[in-house]
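Contents: one structure, followed by commentary.
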Amino acid sequence: MEIEPRNCCVCGVKIPTERIEAIPDTLVCVACSRRMGGEYQLEISVSGTGKAGSLKKTGQEVSVRRVPKRWH
126 MEIEPRNCCV CGVKIPTERI EAIPDTLVCV ACSRRMGGEY QLEISVSGTG
176 KAGSLKKTGQ EVSVRRVPKR WH
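In our numbering, the protein residues as written are 126 to 197.
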């Protein structure tokens, strides 16, 4: 697959091909990512599982999503 070159959305510098290969959906260069404290943050949600209508919880369900940080 051909890597499409792109520029950082924050500073405009060309993002190295190696970074795009490692993180295909990246929008920022390494320097801007470091300044931002990382390009992504994790959203974690925990919910109890059990029978419908029951107050007894039989377990917990954990989901984790990686979402881009807002830099604007």
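For every residue, glycine included, the Cβ atom is placed at its ideal position computed from N, Cα and C.
- Query: Taking the alpha carbon of A156 as the point to measure from, which residue in G173, K194, C136 has its own alpha carbon closest?
  - Reply: C136 is the residue among G173, K194, C136 whose C-alpha sits nearest the C-alpha of A156.
- Query: Considering only C-alpha positions, which residue in the set Q166, E186, E168, N132 is nearest to V153?
  - Reply: The shortest C-alpha to C-alpha distance from V153 to any of Q166, E186, E168, N132 is the one to N132.
- Item | Residue span of the beta strand (DSSP E) that contains I169, given as start and end | Its beta strand (DSSP E) spans residues 165-174.
- Would the beta-carbon of R190 fall within 8 Å of that of E168? yes
- The alpha helix (DSSP H) with S188 in it runs from where to where? Run containing S188: none in the alpha helix (DSSP H); it sits in the beta strand (DSSP E), 184-193.
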